[in-house]
Amino acid sequence: MPEDGLNAAVDVSIIIPVHNGEKWINECLTSVADQVFAGTLEVSIFNDSSTDGTAGLLEEWKPKLESRGFSVCISAGDPGSRGVGFAKNAAVRQSKGGYLCFQDIDDIMHPARVQEQFDEATRQPPNTIVGSQFHRLPEGSTERYTLWANTLDPKKLTVQVYTSHGPTVIMPTWFCNRVVFDTVGGFDETGKGTPEDLIFFFKHLDFGGNVVRVEKDLLTYRYHLQQSTFTIAESTIWDLRLARLKQHILDKWPSFTIWNAGKQGRRFYRSLDIEDRRKVTAFCDVDEKKISRGVYIHEESEEVPRPRVPIIHFREATPPLVICMKLDLTNGSFEANLSSLNLVEGVDYVHFS
Numbered sequence: 007m008p009e010d011g012l013n014a015a016v017d018v019s020i021i022i023p024v025h026n027g028e029k030w031i032n033e034c035l036t037s038v039a040d041q042v043f044a045g046t047l048e049v050s051i052f053n054d055s056s057t058d059g060t061a062g063l064l065e066e067w068k069p070k071l072e073s074r075g076f077s078v079c080i081s082a083g084d085p086g087s088r089g090v091g092f093a094k095n096a097a098v099r100q101s102k103g104g105y106l107c108f109q110d111i112d113d114i115m116h117p118a119r120v121q122e123q124f125d126e127a128t129r130q131p132p133n134t135i136v137g138s139q140f141h142r143l144p145e146g147s148t149e150r151y152t153l154w155a156n157t158l159d160p161k162k163l164t165v166q167v168y169t170s171h172g173p174t175v176i177m178p179t180w181f182c183n184r185v186v187f188d189t190v191g192g193f194d195e196t197g198k199g200t201p202e203d204l205i206f207f208f209k210h211l212d213f214g215g216n217v218v219r220v221e222k223d224l225l226t227y228r229y230h231l232q233q234s235t236f237t238i239a240e241s242t243i244w245d246l247r248l249a250r251l252k253q254h255i256l257d258k259w260p261s262f263t264i265w266n267a268g269k270q271g272r273r274f275y276r277s278l279d280i281e282d283r284r285k286v287t288a289f290c291d292v293d294e295k296k297i298s299r300g301v302y303i304h305e306e307s308e309e310v311p312r313p314r315v316p317i318i319h320f321r322e323a324t325p326p327l328v329i330c331m332k333l334d335l336t337n338g339s340f341e342a343n344l345s346s347l348n349l350v351e352g353v354d355y356v357h358f359s
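Quick look at the structure:
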């Protein structure tokens, strides 16, 4: 495959993994059929052992899409579901497009999505994941997450990568040159309970990958309790984030301060190995009640005497800082306090919230 992705048999392959997607198929594939794009399009669908009416509906849609000028490739897996990562990989590997547009069956792409993201992708280096803004259905679902993902400073898309929000451009909006997929080697195929998108995103960054966002709402991102997201334990994502933070940040810092002497900050401290716990010079906070305690004693520690970490006001803190505060929860007061210190994210502090 040429590196620029522009000499492929098809310009863009829309990659759709499906498992029991019967209730979403018509709306999703209608939105695919309605794409307004100047180039050539392929729809590549992998049916991951659905047990509902998915297979029949997909066969009905094949001639409809072909009549609109799409090439269509549909395949199915073994009797047992292999998981989201496997299904995405299968759909990509059977496709021919120089660029890949990932589409979840329960979401709705807006008519200009492919064109807008293709235009942006061709302006960027080949090793770029292009995301976009989105809105949720029902409206107002995951309000803080949506605000963060739609408005995060573009310069921070490869920096603010340790938060519980996950990838800085959401997976259902990903669009990229095929070289991105080939370089990473595809998605993790462990199966249910695996955050395959976050693992892929971190590997992409490790290869020096670029991340950009089209500043337009190009996707209706559905929120419902059947989403695969809900099969992933919070502790799994925590461990993945912490391992990356250690490798890329903490191992390079001789000492650091934890911002938040409350529950999240203490949990973070206890999650560290002994080597990194010994680097923590203080907890800092704005809450006078916490500060008045003066010290945090790690009672569960295997060390004797038990480690004692000072609790100080944030203005007395010495960078670098690991910030364990949830964003957008204090009517802007935390963000204002942080801004007042004139620190640089990724250099003087990182968010781990």
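For the sequence shown, position 251 (counting from the first letter as 1) is numbered 257 according to this note's numbering, and the numbering increases by one without interruption. Where a beta carbon is used, it is the ideal one built from N, C-alpha and C, also for glycine. Keep in mind it's a predicted model, so treat the numbers as computed, not measured.
**Request:** Could you spell out the range, first to last residue, of the beta strand (DSSP E) harbouring Lys258?
**Result:** In the sequence shown, counting from the first residue as 1, residue 258 sits at position 252. Careful: Lys258 lies outside any beta strand (DSSP E) and carries neither H nor E.
**Asked** Whole beta strand (DSSP E) runs in the segment 163-197 with 3 or more residues, listed along the chain?
**Response** 181-183
**Asked** Could you give the residue range of the beta strand (DSSP E) that holds Ile31?
**Response** Mapped onto the sequence shown, residue 31 falls at position 25. Segment 28-39 is the alpha helix (DSSP H) holding Ile31; no beta strand (DSSP E) there.
**Message:** What would DSSP say about His357, mapped onto helix, strand or coil?
**Reply:** Here the question's residue 357 lines up with position 351 in the sequence shown. Residue state, collapsed to three classes: strand.
**Length of the line joining the Cα atoms of Thr196 and Ile21** = Position 190 of the sequence shown, counted from the start, is the residue given in the question as residue 196. Position 15 of the sequence shown, counted from the start, is the residue given in the question as residue 21. Roughly 20 Å between the two C-alpha positions.
**Message:** For Pro23, list the residues DSSP reports as bridge partners.
**Reply:** Indexing the sequence shown from 1 puts residue 23 at position 17. Bridge partners of Pro23: Phe52.
**Message:** Ignoring anything shorter than 4 residues, give me the alpha helix (DSSP H) runs that lie fully in the segment 205-254, in order along the chain.
**Reply:** The alpha helix (DSSP H) runs of length 4 or more contained entirely in the segment 205-254 are, from start to end of the chain, 240-254.
**Request:** Check Thr263 in the structure and name its three-state DSSP category.
**Result:** Within the sequence shown, numbered from 1, the residue matching residue 263 stands at position 257. Residue state, collapsed to three classes: strand.
**Prompt:** Can you give the Cα-Cα distance for Ile243 and Ser87, rounded to whole angstroms?
**Reply:** Here the question's residue 243 lines up with position 237 in the sequence shown. Here the question's residue 87 lines up with position 81 in the sequence shown. C-alpha separation (whole angstroms): 23 Å.
**Message:** Pop quiz: Ser56 and Val24 are said to be a contact at Cβ under 8 Å. What is the actual Cβ separation, rounded to whole angstroms?
**Reply:** To locate residue 56, count along the sequence shown from 1; it is residue 50. To locate residue 24, count along the sequence shown from 1; it is residue 18. Between Val24 and Ser56 the Cβ distance is about 6 Å, and since that is below 8 Å, they are a contact.
**Item:** Option nearest Pro311 by Cα separation, candidates Pro69, Asp159, Ile303
**Value:** Here the question's residue 311 lines up with position 305 in the sequence shown. It is Ile303 whose Cα lies nearest to the Cα of Pro311.
**Message:** Taking 8 Å as the threshold (C-beta atoms), are Ile176 and Phe140 in contact?
**Reply:** Locating residue 140 in the sequence shown gives position 134, where the first residue counts as 1. Locating residue 176 in the sequence shown gives position 170, where the first residue counts as 1. It is a contact, given that the beta carbons lie within the stated cut-off.
**Prompt:** What does Asp291 pair with, by DSSP beta-bridge criteria?
**Reply:** Start at 1 with the first residue of the sequence shown, and residue 291 comes out as number 285. Its beta-bridge partners are His319.
**Request:** List the endpoints of the continuous alpha helix (DSSP H) containing Gln139.
**Result:** Working through the sequence shown from its first residue, we reach residue 139 at position 133. Element bounds for Gln139: not the alpha helix (DSSP H) but the beta strand (DSSP E), 134-143.
**Prompt:** Phe358 to Gln100, Cα distance in whole Å?
**Reply:** As a position in the sequence shown, residue 358 is number 352, starting the count at 1. As a position in the sequence shown, residue 100 is number 94, starting the count at 1. If you take the alpha carbons of Phe358 and Gln100, they lie about 38 Å apart.
**Request:** From the DSSP output, in three-state form, read off Phe108 for me.
**Result:** Residue 108 sits at position 102 when you count from the first residue of the sequence shown. Three-state result, Phe108: strand.
**Message:** When you compare the segment 314-330 with the segment 144-164, are there three or more beta-carbon pairs, one atom per stretch, that lie closer than 8 Å?
**Reply:** Too few Cβ pairs lie closer than 8 Å, so no.
**Request:** Starting from Ala44, trace the alpha helix (DSSP H) both ways and give me its first and last residue.
**Result:** Stepping through the sequence shown from its first residue, residue 44 is reached at position 38. Segment: none, Ala44 is in no alpha helix (DSSP H) and carries neither H nor E.
**Rounded C-alpha distance that separates Phe187 from Phe181** = On the sequence shown, residue 187 is found 181 positions in, with the first residue counted as 1. On the sequence shown, residue 181 is found 175 positions in, with the first residue counted as 1. Roughly 10 Å separates the two Cα atoms.
**Message:** Taking only three categories from DSSP, how would you classify Ala82?
**Reply:** Taking the first residue of the sequence shown as 1, we reach residue 82 at position 76. Residue state, collapsed to three classes: strand.
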